[in-house]
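Step one of this worksheet: look at the structure below.
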Amino acid sequence: MSIPATMHAWRKHKGNSVPVWEEIPVPSVPPTGLLVKLLASGVCHSDQALLDVEDRPQFNDVYTLGHEGCGEIVGIGPQVTDPRFEIGGKVALLAVPGCGLDTCSECSRDLAQLCPSGMHHGIGQDGFYAEYVGIDVRGAVPLPDGVPPEVGAIATDAVTTAYHGIVRRARVQATETVFLFGLGGLGFNALQIVHSHIGARVLVSDLRPEKLAAARALGVPKADIIPPGTSIPDFITEHGVQIDTVLEFVGAAQTFADAQRIVRPGGKILCIGTGERVNKLDMKNGIRKRLEFVFSYGGQYRDLQDVLGLTAKGIIRPRVKMGKLNEFPRFLRELGEGGVEDRVALVI
Ligand SMILES: [Zn+2]
Ligand SMILES: [Zn+2]
Numbered sequence: 001m002s003i004p005a006t007m008h009a010w011r012k013h014k015g016n017s018v019p020v021w022e023e024i025p026v027p028s029v030p031p032t033g034l035l036v037k038l039l040a041s042g043v044c045h046s047d048q049a050l051l052d053v054e055d056r057p058q059f060n061d062v063y064t065l066g067h068e069g070c071g072e073i074v075g076i077g078p079q080v081t082d083p084r085f086e087i088g089g090k091v092a093l094l095a096v097p098g099c100g101l102d103t104c105s106e107c108s109r110d111l112a113q114l115c116p117s118g119m120h121h122g123i124g125q126d127g128f129y130a131e132y133v134g135i136d137v138r139g140a141v142p143l144p145d146g147v148p149p150e151v152g153a154i155a156t157d158a159v160t161t162a163y164h165g166i167v168r169r170a171r172v173q174a175t176e177t178v179f180l181f182g183l184g185g186l187g188f189n190a191l192q193i194v195h196s197h198i199g200a201r202v203l204v205s206d207l208r209p210e211k212l213a214a215a216r217a218l219g220v221p222k223a224d225i226i227p228p229g230t231s232i233p234d235f236i237t238e239h240g241v242q243i244d245t246v247l248e249f250v251g252a253a254q255t256f257a258d259a260q261r262i263v264r265p266g267g268k269i270l271c272i273g274t275g276e277r278v279n280k281l282d283m284k285n286g287i288r289k290r291l292e293f294v295f296s297y298g299g300q301y302r303d304l305q306d307v308l309g310l311t312a313k314g315i316i317r318p319r320v321k322m323g324k325l326n327e328f329p330r331f332l333r334e335l336g337e338g339g340v341e342d343r344v345a346l347v348i
């Protein structure tokens, strides 16, 4: 395969909140990594936040956006010995794989997603809204057969973040009763992880009837779907349900207040949604009920491996719409206006 000298990419320029479509050199093959021809890149709400952010000293002045990628290996670095990687093989790309060094303050504590020094593809450093990317093998997970690239792309963030929170942080068990707030880009994946993978009972609430219909179609019993406009604490009391774990994928003032009211004593609340930047925590309620508040951010290599495996088996079916890479600004605008129901993956 011949690799061109230049390519097109959507880039963030410091001082400009509008993405710039420009021609730049194709990166070289990293010695410990892969040159990947991108096949799909997921659009995320945080792309707009990244376009607006100007005050992070560790960010490059100009960089390629996109932190959910999937592509085909077209070059392999001389120091790569892992036989899972071969030319023509497909890989899903983890934007923040961590540096992996024992001397790293975070990687040494199994917190690779918080690594301060490793690559942050599309988050201050070159990402995946481009035709090619150079990536260390630490960020490349082989794509199982049968998983399309657009699904592989969105699995890296929208599914992996939900999975890490539910499985590794909140450690939700099959015997639990779970309440899920929000069936959006992450929340609908969360529902599939709890319902279809873990097998726990899950009650769901969302303001959008079409999301609730989708939950119903997935097999959530009608009695466990809270109709929009219903007082959730009243519903839980009336039906006598004991909620072991609340999955807060909204993070609005109302949902966070409801979460604290409906969770049973000794229960836990997983916080992922940031509808409001600041929310009220009822100290007395939390102490008397001996609650556990668990925050989660991003995911790790093994989470992405698990998620891709579950996707290949059809246990998780991420909902994704397709678009063209050159239409990125339009999809970002639609996402911001709430006009996109599912995640969008841009095909290169
Ligand atoms: Zn994201
Ligand atoms: Zn590190």
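Taken in order, the sequence shown gives residues 1 to 348; the numbers are from UniProt numbering. Don't be surprised by glycine CBs; every beta carbon is placed ideally from N, CA and C.
- By the CB criterion at 7 Å, E248 and A259 fall inside the cutoff.
- Checking the 6 Å criterion, the Cβ of G298 is out of range of every heavy atom belonging to ligand 2.
- Excluding the 5 residues flanking it on each side, G15 has same chain C-beta neighbours closer than 8 Å at E54, in chain order.
- The bridge partners DSSP lists for Q125 are H121.
- Relative to the non-hydrogen atoms of ligand 2, the Cβ of C99 comes within a distance shorter than 6 Å of at least one.
- Taking a C-beta distance under 7 Å as the contact criterion, V29 and Y132 do not qualify as a contact pair.
- A direct Cα-Cα distance of roughly 31 Å separates F235 from G336.
- For F181, the uninterrupted beta strand (DSSP E) segment begins and ends at T177 to F181.
- Short note on D55: C-beta not closer than 6 Å to any heavy atom of ligand 1.
- In the DSSP assignment, L270 falls within the unbroken beta strand (DSSP E) covering V263 to C271.
- Sorting P233, L325 and R264 by C-alpha distance to the C-alpha of Q254 places P233 at the top.
- Closest in C-alpha terms to V141, from the list I348, E327 and D306, comes D306.
- With a cut-off of 6 Å, the C-beta of C44 is classified as near ligand 1, since at least one heavy atom of the ligand falls inside that distance.
- Shown here, N16 sits in a strand according to DSSP, grouped into three states.
- With a cutoff of 7 Å on beta-carbon distance, R138 and G100 are scored as near each other.
- Boundaries of the beta strand (DSSP E) around K90: K90 to L94.
- Around the beta-carbon of V20, fewer than 16 other beta-carbon atoms lie within 10 Å, marking it exposed.
- Judged by DSSP secondary structure, V167 falls outside any alpha helix (DSSP H); it is assigned neither H nor E.
- The straight-line gap separating the alpha-carbon atoms of V167 and P318 is approximately 17 Å.
- In this model, G275 and H45 are separated by some 12 Å (Cα to Cα).
- Straight across, the Cα-Cα distance linking C271 with G199 is about 21 Å.
- With a 10 Å radius around the Cβ and a threshold of 16 neighbouring Cβ atoms, T237 comes out exposed.
- Counted as a single uninterrupted DSSP element, the alpha helix (DSSP H) harbouring T311 occupies residues Y301 to A312.
- Going by beta carbons, H13 and V62 fall inside the 7 Å limit.
- Inclusion of G118 in the 6 Å shell around ligand 2 follows from its C-beta lying nearer than that to a non-hydrogen atom of the ligand.
- Inclusion of G71 and L34 in the CB contact set at 7 Å is not warranted, their separation being larger than that value.
- In the pairwise beta carbon analysis, the segment 2-10 is classified as not touching the segment 283-290: fewer than three pairs are separated by under 8 Å.
- In this structure, the C-beta of D126 stays at least 6 Å away from each heavy atom of ligand 1.
- Ranked by how close their Cα comes to the Cα of F59, the residues D110, G122 and M283 have G122 in first place.
- Counting the other Cβ atoms within 10 Å of the Cβ of K313 gives fewer than 16, which makes it exposed.
- If you ignore the 5 residues before and after A49, its C-beta comes within less than 7 Å of no other C-beta in its own chain.
- For I73 and F85, the gap between their C-alpha atoms comes out near 8 Å.
- L203 sits in a strand when the DSSP states are folded into three classes.
- Put simply, the segment 106-119 touches the segment 291-301. At least three CB pairs are less than 8 Å apart.
- A check of alpha carbon separations from S41 across C107, V202, L310 and E327 identifies E327 as the nearest.
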